[in-house]
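Asks:
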Amino acid sequence: MREIKTLFRIWLAAFVLAGLHSGPASLLLAQEAPAIKGPAPKQPGTDEKLTAQELRGEGTYFQYCALCHVPRKQKAGAPPTLGPVHTGVLKNAPPEKERAVREFIRQGTQNMPGYQYMLTSQELDDLIAYLKTR
Amino acid sequence: MPRLSRFSQVALLAVLLAGFPGAPDVFSQYAPGGNVLKGSVKSSDGKPLEGVAVSMRGEGKTFTTTVFTERDGTFVSPRLEKNKYQVWAQAVGFEMTKSEVQITDQAGQAALSLKPLQDYHKQLSAQEWMASLPESDSRDLRMKSVLMNNCTGCHYVGRILQNRFDSTGWAAMIKLMQKTGTNGVYTPSVNPNPMMVAYQEELAGFLAKARGPASPTLTPKLLPRPTGDAAKVVITEYDLPRNDVSSTILKHDGTDWSEGFSSRWASRAPHDIWVGLDGNIYWADDMVPEQTVGKLDPRTGKVTTYKLPDKDGHAVSTHSIVVDHKGNMWLTNQTEGTHLMFNPKTETFTRFPRPDSVPQRVGGTNAVDSKGNPWAVAADGAIKLDVATGKYTFYKAIRPGATYGIAVDSEDKVWVTFPGIDTLMVVDTAGNISEVVLPPLKTDLANDKDREVMASQRLAANSATPLQKGPRRMWADPKGNYVWVAEYFADQLARIDIHTKEVKEYPLPHRWSQPYALNVDKNHNVWINMLNRDAIAKFDPKTERFTEYQLPTRGTEIRHIVPDNSTDPPTIWVPYDGVLKIARLQFR
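Just so you know, the protein sequences line up as chains A and B, in that order. Read in order, the letters of the first sequence are residues -1 to 132 in the numbering used here. Read in order, the letters of the second sequence are residues 20 to 607 in the numbering used here.
(1) Leu457(B) and Lys488(B) look like a contact to me (Cβ under 8 Å); what is the Cβ gap, rounded to whole Å?
(2) Identify, in the order they occur along the chain, each residue of the same chain with its Cβ nearer than 7 Å to the Cβ of Asn131(A), setting aside the five sequence neighbours on each side.
(3) Could you tell me which residues DSSP pairs with Thr412(B) in its beta bridges?
(4) Tell me which residues share the same chain as Glu78(B) and place their Cβ nearer than 6 Å to its Cβ, disregarding the 5 neighbours each side in the sequence.
(5) Can you find a C-beta in chain A that's less than 7 Å from the C-beta of Trp284(B)?
(6) Taking just the CA atoms, how far does Thr562(B) sit from Gly38(B)?
(7) So with CB distances below 9 Å, who are the chain A contacts of Ala191(B)?
(8) Is the CB of Glu366(B) under 7 Å away from at least one CB in chain A?
(9) Taking its Cβ as the centre, do 16 or more other Cβ atoms sit within 10 Å of Gln28(B), making it buried, or is it exposed?
(10) With distances taken Cα to Cα, identify the nearest neighbour of Pro82(A) among His67(A), Lys71(A), Thr118(A), Ile103(A).
(11) Between Arg90(B), Thr187(B), Lys134(B), Leu136(B), which has its C-alpha nearest Gln114(A)'s C-alpha?
(12) Quick one: grab the DSSP three-state call for Ser63(B).
(13) I'd like to know whether the C-beta atoms of Glu608(B) and Gln511(B) end up nearer to each other than 7 Å.
(14) For a contact meaning CB atoms closer than 7 Å, what does Gln310(B) contact in chain A?
(15) What is the rounded straight-line gap between the Cα of Ala334(B) and the Cα of Arg491(B)?
(16) I'd like to confirm the pairing. Which residues does DSSP put opposite Phe113(B) in its beta bridges?
(17) Output yes if chain B places a C-beta closer than 7 Å to the C-beta of Val83(A); else output no.
(18) So, does the CB of Lys80(B) fall closer than 7 Å to a CB anywhere in chain A?
(19) Residues of chain A with CB under 9 Å from His338(B), in chain order?
(20) Note down, in chain order, each residue of its chain lying with its Cβ closer than 7 Å to the Cβ of Ala217(B), except the 5 sequence neighbours on either side.
(21) Got a sec: is the Cβ-Cβ distance from Ala31(A) to anything in chain B below 7 Å?
(22) Measuring CB to CB, does Leu404(B) end up less than 7 Å from Phe368(B)?
(23) On the criterion of 16 or more Cβ atoms from any shown chain inside 10 Å, does Ala554(B) qualify as buried, or is it exposed?
(24) Quick one: is Gln108(A) buried, meaning 16 or more other Cβ sit within 10 Å of its Cβ, or exposed?
(25) Check this for me: beta carbons of Ser118(B) and Leu56(B), under 7 Å apart or not?
(26) Output the distance between the C-alpha atoms of Val294(B) and Thr590(B), rounded to the nearest integer angstrom.
(27) Just to confirm the assignment: which complete beta strand (DSSP E) runs, minimum length 3, are found wholly within the stretch 212 to 295 of chain B?
(28) Taking a Cβ distance cut-off of 8 Å, strictly less, list which residues of the stretch 195 to 209 of chain B are near chain A, in chain order.
(29) Hey, would you say Arg592(B) sits closer than 7 Å to Ile292(B), going by beta carbons?
(30) Whose C-alpha, out of Asn212(B), Tyr507(B), Leu143(B), is nearest the C-alpha of Glu278(B)?
(31) Under a three-way DSSP split, which group does Phe60(A) fall into?
(32) At a Cβ cut of 9 Å, what residues of the stretch 173 to 187 of chain B count as close to chain A, listed as they run along the chain?
(33) If you draw a straight line from the alpha carbon of Glu256(B) to that of Ala397(B), how long is it in whole angstroms?
(34) Around the C-beta of His338(B), are 16 or more other C-beta atoms found within 10 angstroms, so that it is buried, or is it exposed?
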């Protein structure tokens, strides 16, 4: 029924516009389309159970790391991330790997700036605690 | 009870309002019942604090109301519905204080005390960051200008300056940004931005000096807290959470200033907004999946989104929105490069396909003329749709270039800004094209390199030398003789006489504010949003004075502003493109 109504609207719009149409015959006609209601907005923080430290680390992570390391959705899909996605990077990791990741964040690489001059040791601890949950 | 005459109704209302000094009923909102929240804010040494932002949010609600303290440190909220409220007070240099208050039929009370902080650099607004950077000599000042003009075409400077890297780290970031578009997506195959290439070494050196391993401790240069008229405002901020992520990024949304600026990872939803004839706020969305246009009901905070699918089933992207006299929304369809109409009554979109004979795409911003026909910027000119016939017409500027702002003046002439070449194009009702060239920027900061870069590059909207003004967005006084232009890089407001084309310029109260867009209300006042400030400004053309209103969120990154002329005085609406909120400013 809705489709028929839509078709009727399109036909009606075309008819009305054709009646008003005074330009060259090659002009295209206006096309009416019903709007699709989008999904309801999600409320923040409804799907996680993190400790206070992990939550602080998550804030730091999204503030400084997410832009290059977490996939972003945009209108026409998700562009590739610039750096590696960190899922599982410190899950059950041995202490030496944790130390290596910490040093990596501090020193940076050719393509990533080192964060040693801006993150406090507490912020770095929080960040590592959060990375273990990813 | 006999029916009251209109005069009696007004008189009765006046009597009722007089009974609630400081809390007029015109601000009552959402639900009947309830009362006001009153209180005071002092520093921990007992002195009253003026201009402190006091925010309150009802349990289960998606909006926050903020007022500012008076000279004696007291505040009073508008009438609030009965609910439990989280209340918090903030001022730069002090630790945020929180409280919880129940609002019933009786007025609520809150006495808040703020403790001074030793290190509060994360609370600074982007303008304060910029003002606090070293400028011991003219070379520093020139580099500050190079930094602003190369980086803030896409984002405010706070996103950069809250970081601290060595010169190698800064160089890596600049290299990345040279191939990153305004949508924040890095594209390896594109040519790097030539102006950023020209300045990359100087920029990395300056940033490493100002925000590097050996940088001196920041001495913050703070903006004054609101006082007088600037504090007589009620601000309601509505959440616009995305429909695709319930990430914690949305919790770090600039509400708590001490968290610093949020990431751009999930930001950028409402680019432009307009007030519908139905009293709802509609926004154009160029980033979030599955939505082409959104609607906010200011009475409840309820958000509804609408999607128009493109040929692949993705939501069409829109950048700007204007409502015509019938209540239809005109949008710039970025996906298809066309004008697009949305009818909020029938909840339908109408496409107006552009024929192959008009290859110019509809660009970002738009305006509607007195006949109800939408105009938009296009590369090198402007593009009009005749709604009755569906005909598109392109108008080419005398000098080609990148365009950004557009306005239709009170005599139906169309104006377009060319930010890279500091000129405006004018199309009269007969289709004749002329131009206005802004007077050159008076500066002694620029050097030979800047002049060489300016002479050798095709200048666009988002990167500029210290020699450029960058006229960004503009609007016309609908009942006046002027169009107004936001000179983005020059921190100036320009007034242009629509008959004589005479230009008069007014410097904004603070350098590094970056006026981005503006609008003109029914009282001829000009309202300006500043990308590098979490504040908006009012300019009164009669007194030629600015009043600045501070916003209670950090990292707002506002790109548009619109008045609701149905109220007295007009209500002002702004979209926070940086942190997914829409704000309403009502004046006391």
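C-beta atoms are modelled at their ideal positions from N, C-alpha and C, and glycine is treated no differently. All values reported here derive from a predicted model rather than from experimental measurement.
Replies: Taking the geometry as given:
(1) Within the second sequence, residue 457(B) is the residue found at index 438, counting from 1. Within the second sequence, residue 488(B) is the residue found at index 469, counting from 1. Going by Cβ atoms, the distance from Leu457(B) to Lys488(B) rounds to 6 Å, so yes, they are a contact pair.
(2) Counting from 1 along the first sequence, the entry for residue 131(A) is found at position 133. First, the residue type needs correcting, since residue 131(A) is Thr and not Asn in the sequence shown. Taken in chain order, the residues that qualify are Leu48, Glu52.
(3) Here residue 412(B) corresponds to residue number 393 of the second sequence, with the count starting at 1. In DSSP, Thr412(B) forms a bridge with Lys403(B).
(4) On the second sequence, residue 78(B) is found 59 positions in, with the first residue counted as 1. Asn102, Lys103.
(5) For the purposes of this step, residue 284(B) is identified with residue 265 of the second sequence, where counting begins at 1. Output row for Trp284(B): interface = yes.
(6) As a working note, residue 38(B) is residue 19 in the second sequence. As a working note, residue 562(B) is residue 543 in the second sequence. Per-residue confidence for Gly38(B) stands at a pLDDT of 35, beneath the threshold of 50, marking its modelled position as unreliable; no derived number is given.
(7) Taking the first residue of the second sequence as position 1, residue 191(B) is located at position 172. Result: Gly106, Thr107, Gln108, Asn109, Met110, Pro111.
(8) Counting from 1 along the second sequence, the entry for residue 366(B) is found at position 347. Yes, Glu366(B) lies at the interface with chain A (some Cβ there is under 7 Å from its Cβ).
(9) Start at 1 with the first residue of the second sequence, and residue 28(B) comes out as number 9. For Gln28(B), the predicted structure reports a pLDDT of 47, less than 50, and the residue's modelled location is therefore unreliable. A value from the coordinates is still provided. Classification of Gln28(B): exposed, given that the 10 Å Cβ count is below 16.
(10) For this step, residue 82(A) is matched to residue 84 along the first sequence. Considering only alpha carbons, the answer is His67(A).
(11) Taking the first sequence and counting its residues from 1, one reaches residue 114(A) at position 116. Looking at the Cα atoms, Thr187(B) is the closest of the given residues.
(12) Here residue 63(B) corresponds to residue number 44 of the second sequence, with the count starting at 1. Ser63(B) falls in the coil class under three-state DSSP.
(13) Because chain B in this structure spans residues 20 to 607, residue 608(B) falls outside the shown range and cannot be described.
(14) The sequence position of residue 310(B) within the second sequence is 291, counting from 1. Within 7 Å Cβ-Cβ: Gly36.
(15) Here residue 334(B) refers to the residue found at position 315 when the second sequence is read from its first residue. Here residue 491(B) refers to the residue found at position 472 when the second sequence is read from its first residue. Rounded to whole angstroms, Ala334(B) to Arg491(B) spans 27 Å at the Cα level.
(16) In the second sequence, residue 113(B) corresponds to position 94, counting from 1. DSSP lists Pro135(B) as partners of Phe113(B).
(17) Mapped onto the first sequence, residue 83(A) falls at position 85. No, Val83(A) does not count as interfacial toward chain B.
(18) Reading the second sequence from its first residue, position 61 is the one you call residue 80(B). Not closer than 7 Å to any Cβ of chain A, the Cβ of Lys80(B) fails to qualify, so no.
(19) Mapped onto the second sequence, residue 338(B) falls at position 319. Chain A residues near His338(B): none, gap ~11 Å exceeds 9 Å.
(20) As a working mapping, residue 217(B) is identified with position 198 in the second sequence. Around Ala217(B): Val472.
(21) For the purposes of this step, residue 31(A) is identified with residue 33 of the first sequence, where counting begins at 1. Closer than 7 Å to some Cβ of chain B, the Cβ of Ala31(A) qualifies, so yes.
(22) For this step, residue 404(B) is matched to residue 385 along the second sequence. For this step, residue 368(B) is matched to residue 349 along the second sequence. Their beta carbons are not under 7 Å apart, which means Leu404(B) does not touch Phe368(B) by this criterion.
(23) As a working note, residue 554(B) is residue 535 in the second sequence. The residue is buried, with at least 16 neighbouring Cβ atoms inside 10 Å.
(24) For this step, residue 108(A) is matched to residue 110 along the first sequence. Gln108(A) should be labelled exposed.
(25) Counting from 1 along the second sequence, the entry for residue 118(B) is found at position 99. Counting from 1 along the second sequence, the entry for residue 56(B) is found at position 37. Going by C-beta atoms, Ser118(B) is not nearer than 7 Å to Leu56(B).
(26) Within the second sequence, residue 294(B) is the residue found at index 275, counting from 1. Within the second sequence, residue 590(B) is the residue found at index 571, counting from 1. Taking the straight line joining both Cα atoms gives about 10 Å.
(27) 252 to 258, 289 to 294
(28) Leu195, Asn202, Gly203, Val204, Tyr205
(29) Along the second sequence, read from residue 1 onward, the residue named residue 592(B) stands at position 573. Along the second sequence, read from residue 1 onward, the residue named residue 292(B) stands at position 273. According to the sequence provided, residue 592(B) is Trp. The question's Arg does not apply to it. Yes, Cβ-Cβ distance for Trp592(B) and Ile292(B) is below 7 Å.
(30) Numbered from 1 along the second sequence, position 259 holds the residue referred to as residue 278(B). The option with the nearest alpha carbon to Glu278(B) is Leu143(B).
(31) Position 62 of the first sequence, counting from 1, holds the residue named residue 60(A). In the structure shown, Phe60(A) sits in a helix (DSSP, three-state: H, G or I).
(32) Gln181, Asn182, Arg183, Phe184, Asp185, Thr187
(33) The residue labelled residue 256(B) in the question sits at position 237 within the second sequence. The residue labelled residue 397(B) in the question sits at position 378 within the second sequence. Their Cα atoms are separated by approximately 33 Å.
(34) Counted from its first residue, the second sequence places residue 338(B) at position 319. Counting Cβ neighbours within 10 Å, His338(B) comes out buried, since at least 16 surround it.
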